[in-house]
Structures are given as C-alpha cells and as structure tokens.
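Residue numbers (our numbering): 134 to 833.
The structure is reproduced here in structure tokens:
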C-alpha cells in the first residue's frame, strides 16, 4: 500500500507536469476563454463585453447557473476600473493533489481543480493591470482579482467592489441580513425577490448591530426550481473588508458590498501587489453534497505553522452556562461570582471523571463590572490579573493533576486596541502555564467609533490575534468573530468560532430562542464556512428553575445528535454538572464516548431547513458516530450503514427520541437501544418534532 507521503509526492509530480504542459499563453486576440471542471459538468466562460468590461458566466450540465456578470472597482482619487479593458494573454493548468488536516472533519482532503488566469490591461491611461484568477472544481467556482506590482500604482484605496452574481431564477434562499457587526440572526427562508434585510435593522442583540442596506451575509444558500443547490461565500479573507452581497430584486442579481469604515472613509486600503479574497460559488445536485464540499478550505494557502500538535481537539465543560441562567455572574460584585477557585475545581473533577479534556472559566479576570453598556471600555479588562477569589495558578495545577486542561477566556468588550496592547503579555502568561487554547469575545460596538466587526481594520485585528497566538502556541476560539473563510488551513490554530445564533439565545432571548428549524438550516449555511462553537448538550431543556420564560427548543436526543451534526474540534457539554446527574445520567454516556477529531465524514441525507444526517469516523479508530436532526416536523428516515467496513460487526448504541417526545410538550423523553449491525444494516430512525438521533457504532 502506498504511504500518504508517496501519494503526495506523486500528486506533486503530476501537478508540475500538467502545469508545464498547459501553461501556454492564449493568443493576443482572444477575448473569450473557457474552462471546465475536472468532471466537465461545470463550465466557466470569461470574456469582455462590448464596452471592454470583464465578465463571466457559469453553467452546470449545460444549464446556465450564473448569467453574464460583470466585474469592476471604484477607487478613491483614481478612475474606476472596469470598462475599456483588453486581454493581454491567459494561461491554464490542472491541479490534482491532496493534503492532510492536522485536525478536522477528515484527515485527507482532495484538492482537484482546473484553473485559468486572464491578464487584463486598460486600453487608456493609466493603463493599469489586473489579473482574473479562476479555479473550477467539480463542486463550484472560486475567483479573485490579482493586482500585480506595476509602475505609477503602489497603493489602492477601494471605495466599492462590483462583483456581480447574476442569477437565472427566483430561487429559494436561506439568508441572514448583511449586518456589519454580527452574524447572530435567525435564518430567513424566502424567495430571492422577497429578501428584505432592512426589516432586521432593530436587532435586540447587545445594541451593536449595523445593517445599512438590503444585503445578505455569506454563506447564503439557495435552491433552484430544478433542485440545484448553490451557496455563495468567500475564501481567504486577508487584509480586506468582509463581503456582503447587495440584493437587486428586479434583476435577480447580487453585487458585492464590502463592509466599510466610516472612520477612515473607505472599504479597504492595500499596497500592491495584492490579491483579493476568493469569491466562491458552491454548486451541488443535493443539499447533502454542499456540506461535504471542501472548496472553501482548498482555496486557502497550505499550513504555514507546521506542527501544531500542542493543540488537542477536546470536549470541554465550564463556568459559562450558569451565568446565562442567572445562577452566577461574571463580575465579582453582587456575591454570585461564578469563577471561584472552588467552582473551577468542581468542574475539573467532573471533567476528569467523564472523559472530558478541558474546562473553560469565564469571569476570572478583573474588569467585568464595567464592560457592557458603557461607551468608554478602553482599558477595562486586564487579561493577566484574576479576581481575588480565583487562584489561576492553583486551578491550572489542579487541572494538570487531574489530566484536564484549562481553556482561557478573554472578553475584549469590543476594545481591540486594549487587547492588542496586552496580547503578548497575556499569551506569554498562558504559555508559562501550559495553556494552549483561549476563547475570545468582542461584545458591543467596536472602539474606535465607526469601525465595524467585519471591516478591514478588524479583519486585520483578528489575524493579528491568530499570529500572536501561534507565536505562543495558543489556539483561538473566537466569538463575535469575523466570518470563517477557511483560514484554518493556513493558520490551524484558528480552531473554531461562533458567528451564528448560538445556544445562549435559548437562555435569554426575548423572541423565544432558536426555533426547531434553526439547526436544520445551520449545517447548510454557516457550517459551510467552517467549525462552529455552538455549545450543545443542554439536558435541562426547560431551564428549571432559572428561566421560566425560556427553554431550549429541541429534544434531549437532538442535543446529543448535535455533537456529530455541528462540527468543531472543541465541543462543549454546556449544562451544569448537576443536570447531568454529575455524569450518571444514562444519556450522558454518548457525550463521554463521542469523538471530536475525525478520519472521515459523510453527509448521508438532508434538505435545508428540514433534516440532516451525518456520520463521522473517529480519527485513529474504527468507531463511527451518527447524528440526525429534524425541524418541527416528525420524520422517519432509513439510514443505510454501508459506510461501515464490510464483513465487520459493530455494536450500535442508539440514543433516540422517546415515543412521546416533542421539543415543547415532552423534550426529555428519550430511550436507549442497542443492536449488532454491519454494512448491510439499514437503521430505521423515527425523529420526534424538534428531535434527533445519536448513534455510536463501536467495532466488536
């Protein structure tokens, strides 16, 4: 059997050979260039319009998916770039390689695409140069603008980017508004022509939201009348503003709308040479295939950190959910402080007894009395000084004694300059204590005023945090983040992030929390961008006795299924130890057993907003885990286990909705069944309303 290294060497030789054979300049007169996917199903055409504007079309199996869509830019103190271009030359090549994830949904990732670079120049002064770089995969397209080094143009100040996506129908869409500050919105299901992001302006979340126009955030997912599934996003967002997509209902078109900076008066400012992020269109015949696509991570640069074995994927518990329930507080004042030495040790003991690798402690450091609702938050938090009732070094020592890692917490209160001033000191402290993971937070309006979470200034801040973390062997789990665009391939210390309406909304949102359909939309939208720190595992579904007016709108079985359905290399068991009966609850065994790092993953079935079933094989073992969730409708699914190794027997332990289970009426009704299965077995799963199924498949 060939080793992975032999296969990679062969792939590299093949890549170089194909590149040398195919990199021939196109004729000077060529103005239309075509490119197919390796499967020949996707077909890209790049050309110039009659006005000399670069444009493209994209078809799938001879049906147009993206009709003529033009490309261009507006700059500050410089002419717009778009019309009056000519093609200098072009070159194409094929890449067929594979690479290994240090952690992830699967160990090996295939990266197979055909690529085309078209070199353009203005026909009139100042005769600027720009390249269009396209990569066509079997499951979609990525393209970007490349501005080479050139005379008389060293810096560009972008006022607008005009990248069009001209749709061919009024598709069904799953979308959240193009908010410049948060992604924490419920998904809307409408026709494209009914998208109305401006109706979402008055978002209740922490008074930080900014929705300036009718645009959507990405990933935005669509289904055509023919059943084709599309998702629009971006990859490798580096030193640039995040992209929203402005909606033109009449033309059935989306146009890139970058997040701006009112403080600086532009969208992005960069030095040449410069490459924009990749603009991406994922295209699959089924919804399930969208989840299995690796287009976004493939469009990022290879791992530049090298060995990151100092980070270990893990399950974790912690001092967090109790604050959302009101049992304790982040701040010391008031007598209900949660982050005490004694409480941290209680969670460490629980983790050590239940195969859980980490404990998160929020509210450990000084500053929480003055962090939210205040305009002046600069200098509020100290990221090295604990409260008097929390002995950081003793907690870390006790954790090591028990084999449990401490996960640090840094809430910046959206004052990134204060955080940057302390980054080296704070991360050096973590390194000295052998702490390798931190959860960061950016709640509130960004300081300085008129900057936004998703603008270039903050994109660069988030990257600086990653780079500083790498220097001190610290992995980052970012909350209130910039969107994931696959940077985890290049910077694998970017382990997870929030970037969606998470579990905490069930504890305190005034709108009833996340409805049952929420977690049947997220895998086909937000999860396409990367790992999610959703914090599943609520067993006290009705939140008694803390929050009589709130609840978690799923069954208990669905909470278990989420450990497989929602991918993250760090997965929290969010509830209080007492609600797990201190680990003695029979259903808690699934949380003990389930893996967080995977050899391979497969989406077996699903429809956006209805249901999904995913299986994953534990890395380094023969064990598989299955998760299936449904919306507010009951559902019966036949699930073939043909992914199991042929000829082997497995013990299937199934955590199922009980006969009377219902997300609202009877959410904690569940049952556990066992049977011996093999690759020929078909499981018949009954999912209750708002329910799910979690199955461990252990080789006998």
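Ideal Cβ positions, reconstructed from N, Cα and C, are used throughout, including at glycine.
Going by beta carbons, residue 765 and residue 728 fall outside the 8 Å limit. For residue 484, same chain residues with a beta-carbon under 8 Å away, outside a window of 5 residues either side, are 449, 450, 490, 491, 492, 535 and 537 in chain order.
Secondary structure note for residue 697: its alpha helix (DSSP H) is the uninterrupted segment 689-698. Sequence-distant partners of residue 622 (beyond 5 residues in either direction) whose C-beta falls short of 6 Å from its own C-beta, in its chain, are 430 and 433. Residue 423 sits in a helix when the DSSP states are folded into three classes. Check the Cα spacing between residue 171 and each of 381, 196, 244 and 190: the tightest is with 244. Counted as a single uninterrupted DSSP element, the alpha helix (DSSP H) harbouring residue 726 occupies residues 721-726. Under the three-state reduction of DSSP output, residue 326 falls in the helix class. The DSSP-derived three-state label of residue 664 is coil. Counted as a single uninterrupted DSSP element, the alpha helix (DSSP H) harbouring residue 456 occupies residues 454-458. Excluding sequence positions up to five before and after residue 732, its CB lies within less than 6 Å of the CB of 240, 750 and 752, all in the same chain and listed in chain order. The beta carbon of residue 524 lies closer than 6 Å to those of 474 in the same chain, with the five residues before and after it left out. The alpha-carbon of residue 300 is positioned some 11 Å away from that of residue 388. Rounded to whole angstroms, the gap between the alpha carbons of residue 469 and residue 632 is 29 Å. Bounds of any beta strand (DSSP E) do not take in residue 508, whose DSSP letter is neither H nor E.
Membership of residue 502 in any alpha helix (DSSP H) is not indicated, and neither H nor E is assigned to it by DSSP. Judged by DSSP in its simplified three-state form, residue 572 adopts strand.
Taken through DSSP and simplified to helix, strand or coil, residue 447 comes out as strand. Between the alpha carbons of residue 685 and residue 792 lies a gap of roughly 20 Å.
In the three-state DSSP reduction, residue 598 falls in the helix class (H, G or I). Shown here, residue 527 sits in a helix according to DSSP, grouped into three states.
Secondary structure at residue 269: strand, using DSSP grouped into helix, strand and coil. Residues of the same chain with a CB within less than 6 Å of the CB of residue 408, apart from the 5 flanking positions on each side, are 277 and 279 in chain order.
Close CB contacts of residue 575 within its chain, under the 6 Å cut and outside five residues either way in sequence, are with 545, 547 and 613 (chain order). In the DSSP assignment, residue 553 falls outside any beta strand (DSSP E) and within the unbroken alpha helix (DSSP H) covering 549-565.
Around the C-beta of residue 167, fewer than 16 other C-beta atoms lie within 10 Å, and the residue is accordingly described as exposed.
Take residue 501, set aside five residues on each side of it, and the residues of its chain with a beta-carbon closer than 6 Å to its own are 463 and 464, in chain order.
Minimum Cα-Cα distance from residue 354 among the listed residues 721, 770, 693 and 654 corresponds to 654. Within a 10 Å sphere around the beta-carbon of residue 188 sit 16 or more other beta-carbons, which makes this residue buried. Secondary structure note for residue 828: its beta strand (DSSP E) is the uninterrupted segment 825-832. For residue 804, the uninterrupted beta strand (DSSP E) run begins and ends at 803-810, by DSSP. 461 is the residue among 482, 510 and 461 whose C-alpha sits nearest the C-alpha of residue 497.
If you draw a straight line from the Cα of residue 233 to the Cα of residue 209, it is about 42 Å long. Around the beta carbon of residue 331, a 10 Å sphere encloses fewer than 16 other beta carbons of the protein chains shown; the residue is thus reported as exposed. Taking 8 Å as the cut-off, the Cβ atoms of residue 697 and residue 758 count as close.
Restricted to the segment 764-792, the beta strand (DSSP E) segments that are unbroken, complete and at least 3 residues in length are 768-773 and 783-790, listed in chain order.
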